[in-house]
Every structure is written in structure tokens, then in C-alpha cells.
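S.K.: Got a structure here, written out as C-alpha cells. Questions coming.
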Amino acid sequence: MRISPIRAFWLALCLVMLPAVGGAQKKTASLERELFNATNRERLAHGVPALRWNDSLAVAARKHAGEMANKDALSHQFTGEPSLPSRVKQTGARFVWLSENVALGPSPSVIHAEFVKSPPHRANILDTDMNLMGVGVVERNGQLFAVEDFSKGK
């Protein structure tokens, strides 16, 4: 079988790009886990049970982090965007309570430190009613747009 030069070019391009895309996804997942782990360390240090990772919450958080990065702005809800409960329901998650932290920063450690210094964000982190968490991080121009979604699952 003979491959045309155009097909060969596109195949080569795909093979070159796949590792870059996979590497970016692994880096993002690592940043998300870093925030998740920092939150659980904070909770444990204050005698609050650790949260469990929830993939559905993470999907909702990633989507919202992407919206923030695209708009280059922080918000819990942009005009025309579904509310937090609607975003989470769209992922199939079931919940009793929800809360959310949003931030922008150069690294997960700086973002977490800012959350802990802010009374409303710290309250979300240490909320004993919450038992699940998903994190979404999107990088844009060297800055991380981060979303932490917390819930009390059903």
C-alpha cells in the first residue's frame, strides 16, 4: 500500500503532536492532584476528614477553569454559563451540597496559600459537610486558572 505525500505529512504531524498533548494532559493532572493533596493536608491538619476525589466534579471544574482561561478572568459564573449546580449535574454527579473555590496564580502552592488566607475559601476547604472534591486547572500564558469544586455526595 502506498501513502500519498499529503497523508504521510499529516500522519507524521499527528505522531509528533501526540506526545505533546499527552504530556500536557499529564502535567495538568499533576497540578490538579497537587491542589487536591494540599487541600487534604490542610483538612487533616485541622482534624477534618480527607476528601475523596470525584471525577464528575473534576470534569465540571476543568470546564469552568477553561471558561475562565478563555475569558482571562475569574468568576464563579459568566454570563450565559450554567450555574455551579447545573454544571455539576451535567457531569452526572449527584450531590446534597456544593461549594467552589476559583483562583489564578503561578503554581498550585501559591494558589493553595491564597485560598487558606481567604476566609470564604478556607471555610470551603475545611467544611466538615463536604466529602468529595474535583479540581480543574487550565494554564494560559504561564498562569494557572484553578477551580476546586466540593460536594457532599448522595
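Everything in the sequence shown is counted per my numbering, starting at 2 for the first residue and increasing by one. Idealized CB from N, CA, C, for every residue including glycine.
Please tell me whether, using a cut-off of 8 Å, the distance from the CB of Ala-46 to the nearest non-hydrogen atom of the ligand COA is below it.
M.R.: Judged by which ligands are present, the structure shown has none, so any question about the ligand COA falls away.
S.K.: What are the uninterrupted segments assigned as alpha helix (DSSP H) that are 4 or more residues long and contained completely in the segment 84 to 133, given in chain order?
M.R.: Segments of the alpha helix (DSSP H) lying fully in the segment 84 to 133: 85 to 91, 109 to 118, 120 to 126.
S.K.: Look at the Cβ atom of Ala-46, then the Cβ atom of Glu-149, and state whether they are nearer than 9 Å.
M.R.: Position 45 of the sequence shown, counting from 1, holds the residue named residue 46. Position 148 of the sequence shown, counting from 1, holds the residue named residue 149. It is not a contact, given that the beta carbons lie outside the stated cut-off.
S.K.: Measure the C-alpha to C-alpha separation of Leu-58 and Ser-87 and round it to an integer number of angstroms.
M.R.: The sequence position of residue 58 within the sequence shown is 57, counting from 1. The sequence position of residue 87 within the sequence shown is 86, counting from 1. If you take the alpha carbons of Leu-58 and Ser-87, they lie about 12 Å apart.
S.K.: I believe Leu-105 touches Gln-144 by the beta-carbon criterion, under 8 Å. Please report the beta-carbon distance rounded to the nearest angstrom.
M.R.: What you label residue 105 is simply residue 104 of the sequence shown in a count that begins at 1. What you label residue 144 is simply residue 143 of the sequence shown in a count that begins at 1. Indeed they touch by this definition, with Cβ atoms about 6 Å apart.
S.K.: Beta-carbon within less than 7 Å of Asn-41's beta-carbon, same chain only, minus the 5 sequence neighbours each way: which residues are those?
M.R.: For the purposes of this step, residue 41 is identified with residue 40 of the sequence shown, where counting begins at 1. Result list for Asn-41: Ala-51, Leu-52, in chain order.
S.K.: Among Gly-48, Gly-67, Val-49, Val-117, which has the Cα closest to the Cα of Thr-29?
M.R.: For the purposes of this step, residue 29 is taken as the residue at position 28 of the sequence shown. When only C-alpha atoms are compared, the closest one is Gly-67.
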